[in-house]
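Enquirer: First the structure, then my questions, so here it is.
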Amino acid sequence: MKLGARIFKTGVAIVFSLFLAELLQLPTPVFAGIAAIFAIQPSIYRSYLTVTEQIQGNLIGAVIAVVFTLLFGNDYIAVGFAAIVAITLMLKLKLEKTISLALVTVIAIMEIQGEDFLVFALLRFAAMLVGVISAFIVNLVFLPPKFEKKLFNAIHFTQDEIIRWLRIAVRQASDHQSTKQTIHQLKERLVRVDQLYSFFKEERGYTKKANHTKGRKLVVYRELISTSYKSLDVLKKLHHHEHELTDLPEHFRMMIKERLDTLLTYHEQLHLKFIGKLRPEHIEENDSEAFLQRQEVMDIFVKQITITQMEEEFSSYHLLHLLSAILKYEEQLEHVDKLITSYQNFHSEELTVQIEETPY
Numbered sequence: 001m002k003l004g005a006r007i008f009k010t011g012v013a014i015v016f017s018l019f020l021a022e023l024l025q026l027p028t029p030v031f032a033g034i035a036a037i038f039a040i041q042p043s044i045y046r047s048y049l050t051v052t053e054q055i056q057g058n059l060i061g062a063v064i065a066v067v068f069t070l071l072f073g074n075d076y077i078a079v080g081f082a083a084i085v086a087i088t089l090m091l092k093l094k095l096e097k098t099i100s101l102a103l104v105t106v107i108a109i110m111e112i113q114g115e116d117f118l119v120f121a122l123l124r125f126a127a128m129l130v131g132v133i134s135a136f137i138v139n140l141v142f143l144p145p146k147f148e149k150k151l152f153n154a155i156h157f158t159q160d161e162i163i164r165w166l167r168i169a170v171r172q173a174s175d176h177q178s179t180k181q182t183i184h185q186l187k188e189r190l191v192r193v194d195q196l197y198s199f200f201k202e203e204r205g206y207t208k209k210a211n212h213t214k215g216r217k218l219v220v221y222r223e224l225i226s227t228s229y230k231s232l233d234v235l236k237k238l239h240h241h242e243h244e245l246t247d248l249p250e251h252f253r254m255m256i257k258e259r260l261d262t263l264l265t266y267h268e269q270l271h272l273k274f275i276g277k278l279r280p281e282h283i284e285e286n287d288s289e290a291f292l293q294r295q296e297v298m299d300i301f302v303k304q305i306t307i308t309q310m311e312e313e314f315s316s317y318h319l320l321h322l323l324s325a326i327l328k329y330e331e332q333l334e335h336v337d338k339l340i341t342s343y344q345n346f347h348s349e350e351l352t353v354q355i356e357e358t359p360y
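So in UniProt numbering, spot 263 of the sequence shown is number 263, and the numbers just go up one at a time.
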């Protein structure tokens, strides 16, 4: 885990919960700190869901602990049976995420001894609630997450890395093992991008207009991510069929290289266009030319298959996989271009992200 906002917020939440517990003169402030640890979440929306679930889980754990203590006492066997009942009930109510904190509540209450058991049980339950609520307040106020900024830059820098390796691979200048390792790393980074997209999607707007704008923006981001996956698929095909690519006629290799270079430049321009650093009409002027080139690629491919089938053995099957990946990538780029243009026409004032100097 990297040192980031969530780690700092966990520390702040513990301090804040302990401070509130002391301020309210709760006898066991340490339980407030423990509850705060469980309640910290990566997004405000998830923090809100966690608060409601943790309150329910704490309440269930407290009730079970009190009932078992009054009926069976607080020996070790009774605590174990109470924990089993608590887990079973939490699973029935689909509150799996709060089981850990509920069990802490059960143990914290059942270890109390003395005549004022109910009073102390109530105070420990209150301490748990203070911890959960403190974590929510910290998550809401202290370093609130800006997932759109993180999402765009994660997409941009991941795609920048994919483009760099595609340009190396199509020129057959990449080391086989290094490319294999890079593809694996890029897959992991795209998984992280998917996670950031989920966090951004969960954020709620405060007005109907904001939610409408957010919905259209989500479509653009989803397709940008899909485009990155398609470009990575091209890289995987180039890596997997690098030997077949070497055996192709020179003019065919040059055609693939030039076409892919054009698409990679197109992709780079789309990112600049999305954040308003490129004129919208700059890319659209080349639409008809791009279509002609795509048709030309397919015509040359068909002719090459016909020629080589008569003259020599030709692995058209593997090449078809590569060309199919490139064409899918190209179609996805054109689709994203239209979405970005449409979004800018209606919501250009909502563009608030910028490319950072360093992603990590």
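Don't be surprised by glycine CBs; every beta carbon is placed ideally from N, CA and C. As the structure is a prediction and not an experimental result, all values here were calculated from the model.
Kindly indicate which three-state DSSP category glycine 11 falls into: helix, strand or coil?
Expert: DSSP places glycine 11 in helix when its eight states are reduced to three.
Enquirer: Is DSSP giving leucine 270 helix, strand or coil here?
Expert: Three-state DSSP puts leucine 270 in a helix.
Enquirer: For the alpha helix (DSSP H) containing residue 365, name the first residue and the last one.
Expert: The structure shown does not extend to residue 365, since the chain is modelled only from 1 through 360, so no value can be given for it.
Enquirer: In the DSSP assignment, find the unbroken alpha helix (DSSP H) run with glycine 131 in it and report its ends.
Expert: Its alpha helix (DSSP H) spans residues 117-141.
Enquirer: With three or more beta-carbon pairs closer than 8 Å as the criterion, would you say the stretch 83-92 touches the stretch 116-128?
Expert: Touching, no, given that fewer than three Cβ pairs across the two stretches are closer than 8 Å.
Enquirer: CA-CA distance, serine 226 and glutamine 332?
Expert: Between serine 226 and glutamine 332, the C-alpha separation is close to 8 Å.
Enquirer: Express the C-alpha separation of leucine 166 and lysine 237 in angstroms, rounding to a whole number.
Expert: The straight-line gap from Cα to Cα measures roughly 10 Å.
Enquirer: Mind checking whether the beta-carbon of phenylalanine 152 lies closer than 7 Å to any heavy atom of the ligand NAP?
Expert: What this structure holds is no ligand at all, so the ligand NAP is not there to describe.
Enquirer: With distances taken Cα to Cα, identify the nearest neighbour of phenylalanine 152 among Glu334, Val336, Phe274 and Phe16.
Expert: When only C-alpha atoms are compared, the closest one is Phe274.
Enquirer: Do the stretch 56-75 and the stretch 14-33 meet, that is, are 3 or more Cβ pairs less than 8 Å apart?
Expert: Output reads no: the stretch 14-33 does not touch the stretch 56-75.
Enquirer: Identify whether alanine 173 lies in helix, strand or coil by the three-state DSSP scheme.
Expert: Coil at alanine 173, not helix or strand.
Enquirer: Could you say which of Phe16, Thr158 and Glu330 lies nearest to tyrosine 266 if we only look at CA atoms?
Expert: The shortest C-alpha separation from tyrosine 266 is found at Glu330.
Enquirer: Just the Cα atoms here: how many angstroms apart are isoleucine 55 and leucine 93?
Expert: In a straight line, the C-alpha of isoleucine 55 is about 13 Å away from that of leucine 93.
Enquirer: Which class does asparagine 345 belong to by DSSP, given the choice of helix, strand or coil?
Expert: Of the three classes helix, strand and coil, the one that applies to asparagine 345 here is helix, per DSSP.
Enquirer: Under the rule that 16 or more other beta-carbon atoms within 10 Å means buried, what is phenylalanine 346, buried or exposed?
Expert: Label assigned to phenylalanine 346: exposed.
Enquirer: Using DSSP with H/G/I as helix, E/B as strand and the rest coil, what is glutamate 203?
Expert: Looking at glutamate 203 - three-state DSSP - the assignment turns out to be coil, as it is neither helix nor strand.
Enquirer: When the Cα atoms are used, what is the spatial distance from aspartate 175 to lysine 149?
Expert: Between aspartate 175 and lysine 149, the C-alpha separation is close to 34 Å.
Enquirer: What's the call for arginine 171, buried or exposed, on a 16-neighbour Cβ count within 10 Å?
Expert: Exposed.
Enquirer: Cα-Cα, which of Arg216, Leu263, Tyr221 and Leu322 is closest to glutamate 244?
Expert: Looking at the Cα atoms, Leu322 is the closest of the given residues.
Enquirer: Classify methionine 254: buried if its beta carbon has 16 or more other beta carbons within 10 angstroms, exposed otherwise.
Expert: Exposed, because fewer than 16 other Cβ atoms sit within 10 Å of the Cβ of methionine 254.
Enquirer: CB leucine 235 to CB alanine 169, shorter than 8 Å?
Expert: Taking 8 Å as the Cβ cut-off, leucine 235 and alanine 169 qualify as a contacting pair.
Enquirer: Evaluate contact between the stretch 103-113 and the stretch 52-67, counting only Cβ atoms and requiring at least three cross-stretch pairs below 8 Å.
Expert: These segments touch.
Enquirer: Could you tell me the boundaries of the alpha helix (DSSP H) in which isoleucine 275 lies?
Expert: No alpha helix (DSSP H) holds isoleucine 275; DSSP gives it neither H nor E.
Enquirer: Go ahead and pull the three-state DSSP assignment for glutamate 311.
Expert: With a pLDDT of only 48 at glutamate 311, under 50, the local geometry of the prediction cannot be trusted, and no value is derived from it.
Enquirer: Go ahead and pull the three-state DSSP assignment for leucine 26.
Expert: DSSP places leucine 26 in coil when its eight states are reduced to three.
Enquirer: Over the uninterrupted alpha helix (DSSP H) stretch that includes isoleucine 112, give me the two end residues.
Expert: From DSSP, isoleucine 112 is part of no alpha helix (DSSP H); its letter is neither H nor E.
Enquirer: Can you tell me whether DSSP reads residue 362 as helix, strand or coil?
Expert: No information on residue 362 is available, as it lies outside the stretch 1 to 360 that the chain covers here.
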